[in-house]
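So our numbering is basically just the index in the sequence shown, starting at one, shifted up by 1021. Built from N, CA and C at the ideal position, the CB exists for glycine as well. Report on the structure given below.
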Amino acid sequence: MNYNLYLSILLMSATCCSLIICYLAWKRRDLPIAVSYGLCMLSTAFYACGYAFEIVSSTLEQIRFWLRFEYIGIPFGTVFWFIMILQYTGRQALVRRWIVAMLLTVPMLTFVAHNTNEWHHLFYRSMSIDMSKGFPMVTLVKGPLYVVHVAYAYIFFIIGMGLMTQMFRKATLRRKKQIAFMMIGSCWPYVFVLIYLSNIFNTPFDFSPFGFILSGVFYMWGIYQFNMLSLVPLALQKVFESMQDAVIVFDLDNRISSFNQSARQVIEGLNSKEAIGQPAAHIFSLYPKLLERIMQEASSENKVKISGETDYRIYNVHMTMISDNHQNPVGKMLLLSDRTEMVRSEERLLDNARQLSELNTFKDQMFNVVAHDIRDPLAVLVNLMELMEEEMQTCGESHEEIVSKMGEQIQNTFTLVENLLDWFRSQRGGMMFNPVSMDLAQAVQTNVRLMQVRSVSKNIRIISDIPSGIYVFADKEMLDLIIRNLLSNAIKFTEYGGSIQLKADHEDGKIIASVSDTGAGISADQADSLLQEGYSVSSIGTAGERGIGLGLTLCREFVRLNGGEMWFDSAIAQGSTFYFSLPTPPKASAQSIHQLGGRETA
């Protein structure tokens, strides 16, 4: 009874199964292992289909034709299988073009040698028809190139099995079952080929194609369980790639299974598909905090800072387990959401809230000062007015002394009100702080002119040695108040005929300005408490001027708000020098000033 026809039908069914598996792999072609797996099954389809027609052929020419058809797939099957094993065992980095080209050298030689065998007979020494089984069967005498072809295939089979054995030893119990499927599937075709070549069962048929079909079934099961084809559904692939958040998928051994475009931009090691199959410890070696999250079994969520070449970004890290339909864990997913702007906005809000709290505290302190300091001079004015009214009613004497005292108190009260107005103008609608680039020399000259009446009355010379072109970055109203109060204090404590000098220099990226006078100086007791927390007690000036201690307090706070510091030097009977620092304009602002020819931009 001839079994070749039934065997041919069975082989064609196997060919159809192989082509269906190829189609499924083609649908998953974005994954490297799907490509190698599909090519492996395609070579099996050529083998099975060609052999199905070979065993029902009636002439040697027909058999020779179908042998050539078989050898479109036979030489390349082992190479594609080996590439698949490299990807399966996490050695995707080895699958490079030049390495693949080298692996295909012997298969290409086999393919050419088989198709040109009639010229050299190095692949088959002879080929004849055997009718002893009741139907035509080919009898082949193998040549040296056939031996090379078989030896090449078994060398890579041994290497591939060694790689899977190594993987099997290190794997978890659940993974060992999956790897076992792959190892058993890999053995079928090579065992069948050995049986055929050794002729142990004395059968004329080559059952190797069925071995490849069995391998395909085992591979499909093993790869499916390994989630290399189903972990990232293609239906969601485009959505996956277009996500703004970085998504990285891992298997249960913490090897990378997939990642999207955003992940490539965040993690330095994910710049190519060679990262697929690599262990997380290798790719994330530069990110120890992220690696710690990946190694955790339970789901977690927190923030992490990732430093770049010029800046840093803050990401919300969410690690979650991936389960199959039976709630069995099959992998992990790391989600990195960029929260840099949100965190920076929160920091700015907190900083603004802190500044607002400080300013509100400062206002409360200022009102306490005002409540105490304004009451005393007004009370004196009221008492003096009462005395003057009583004396004017009782006698017609001159009241020059009382009038003089009243004048002083009125002047002091006016000074207080002027300072308060400066303060309240700057606080209209809340604490308004608007720093701009200003020429310090121009600001000084403007305020010197305002103080000219008081300086002339005491014959005091005010000399400004600040050259034009020295720019500071400060609030205009606050800077004017600082300069005006320091000049007012210098005039107050300078003797008739004295002098006041203003200077400014660049130092450590800031502008250091100074106001020096030739006055009486500051005593040691006053120096210890001046410019400290709290408010200074006013002293009497050289012409009997009185103050309320509010001016220096305002100066100190306004200098601090503008990002500077204030200090002083003094010597008794030699004078005092008050210093304050202010920041220089930002680079962009400074460049604009230069382009405008030095004109003030405020």
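Span separating the alpha-carbon of residue i from that of residue j
i        : j        : result
Val-1169 : Tyr-1175 : 10 Å
Leu-1088 : Ile-1180 : 28 Å
His-1347 : Arg-1049 : 23 Å
Leu-1575 : Ser-1358 : 46 Å
Gly-1562 : Gly-1540 : Residue placement at Gly-1562 is poorly supported in this model, since its pLDDT is 48, which falls under 50; the coordinates still yield a value, given next. Their backbone Cα atoms lie some 10 Å apart in a straight line.
Ala-1284 : Ala-1192 : 27 Å
Gly-1352 : Ser-1278 : 9 Å
Pro-1592 : Ser-1544 : In the sequence as displayed, the identity of residue 1592 is Ala instead of Pro. Using only the alpha carbons, I get a separation of about 8 Å.
Met-1524 : Asp-1486 : Before going on, a small fix: residue 1524 reads as Lys here, not Met. Whole-angstrom Cα-Cα distance: 5 Å.
Val-1127 : His-1303 : 33 Å
Ser-1057 : Met-1129 : 17 Å
Ser-1344 : Met-1203 : 22 Å
Tyr-1145 : Ile-1054 : 34 Å
Ile-1104 : Thr-1065 : 15 Å
Leu-1215 : Ile-1288 : 48 Å
Ile-1533 : Ser-1366 : 33 Å
Leu-1355 : Ala-1296 : 15 Å
Gln-1463 : Glu-1313 : 59 Å
Asp-1501 : Ser-1476 : 17 Å
Ser-1557 : Val-1364 : With a pLDDT of only 49 at Ser-1557, under 50, the local geometry of the prediction cannot be trusted, and no value is derived from it.
Asp-1549 : Phe-1454 : 30 Å
Leu-1124 : Phe-1097 : 9 Å
Proximity winner among the options, relative to residue i (alpha-carbon distances)
i        : options                                   : result
Trp-1047 : Gln-1595, Leu-1508, Thr-1036 and Leu-1060 : Leu-1060
Tyr-1024 : Tyr-1068, Met-1062 and Ala-1073           : Ala-1073
Met-1499 : Tyr-1308, Val-1127 and Arg-1581           : Arg-1581
Gly-1584 : Gly-1596, Pro-1300 and Ser-1602           : Ser-1602
Tyr-1211 : Val-1171, Phe-1189 and Ala-1192           : Val-1171
Tyr-1308 : Ile-1327, Ile-1104 and Cys-1038           : Ile-1327
Tyr-1492 : Phe-1132, His-1527, Cys-1037 and Leu-1028 : His-1527
Leu-1551 : Val-1536, Gln-1522, Ser-1509 and Phe-1599 : Phe-1599
Met-1152 : Leu-1045, Val-1364, Thr-1080 and Pro-1165 : Thr-1080
Ser-1207 : Leu-1235, Leu-1312, Pro-1165 and Met-1033 : Leu-1235
Ile-1481 : Ser-1520, Asp-1460 and Leu-1291           : Ser-1520
Ala-1201 : Val-1159, Tyr-1109 and Trp-1140           : Tyr-1109
Ile-1512 : Gly-1596, Phe-1494, Thr-1467 and Glu-1586 : Gly-1596
Simplified DSSP assignment, three categories, for residue i
i        : result
Ile-1335 : strand
Tyr-1600 : strand
Thr-1361 : helix
Lys-1608 : helix
Asp-1051 : coil
Met-1472 : coil
Met-1587 : strand
Ile-1325 : For clarity, residue 1325 is Val in the given sequence; the question names Ile instead. It is a strand residue.
Ser-1520 : strand
Val-1212 : helix
Gly-1164 : coil
Leu-1291 : coil
Leu-1625 : Given a span of 1022 to 1623 for the chain in the structure shown, any question on residue 1625 remains unanswerable.
Ser-1489 : coil
Asp-1274 : coil
Tyr-1024 : coil
His-1142 : coil
Phe-1579 : helix
Leu-1527 : Residue 1527 is actually His in this sequence, not Leu. The answer is strand: DSSP assigns His-1527 an E or B state.
Asp-1266 : coil
Residue environment, residue i, which counts as buried when at least 16 other CB atoms sit within 10 Å
i        : result
Gly-1183 : exposed
Gln-1113 : buried
Trp-1102 : buried
Pro-1606 : buried
Trp-1209 : buried
Gly-1555 : Because Gly-1555 sits at a pLDDT of 48, beneath the cut-off of 50, its placement in the model cannot be relied upon, and the following sentence gives the value as read from the coordinates. By the neighbour-count rule (16 or more Cβ atoms within 10 Å), Gly-1555 is not buried but exposed.
Val-1162 : exposed
Tyr-1167 : buried
Thr-1137 : exposed
Val-1116 : buried
Pro-1456 : buried
Cys-1043 : buried
Val-1270 : buried
Met-1459 : buried
Asn-1281 : buried
Ala-1069 : buried
Ala-1594 : exposed
Val-1100 : buried
C-beta neighbour in chain C for residue i, strict 8 Å
i        : result
Gln-1547 : The structure shown contains no chain C; it holds only a single protein chain.
Residue i Cβ short of 7 Å to the ligand FAD heavy atom set
i        : result
Met-1316 : Annotation note on the ligand FAD: not contained in the displayed structure, which lists no ligands.
Complete alpha helix (DSSP H) runs within the region 1062 to 1095 (minimum length 4 residues, chain order): Entirely contained in the region 1062 to 1095, the alpha helix (DSSP H) runs reaching 4 residues are, in chain order, 1081 to 1091.
Unbroken stretches of the alpha helix (DSSP H), 4 residues or longer, contained in the region 1105 to 1149: Taken in chain order, the complete alpha helix (DSSP H) segments of 4 residues or longer contained in the region 1105 to 1149 are 1118 to 1124, 1126 to 1136 and 1138 to 1141.
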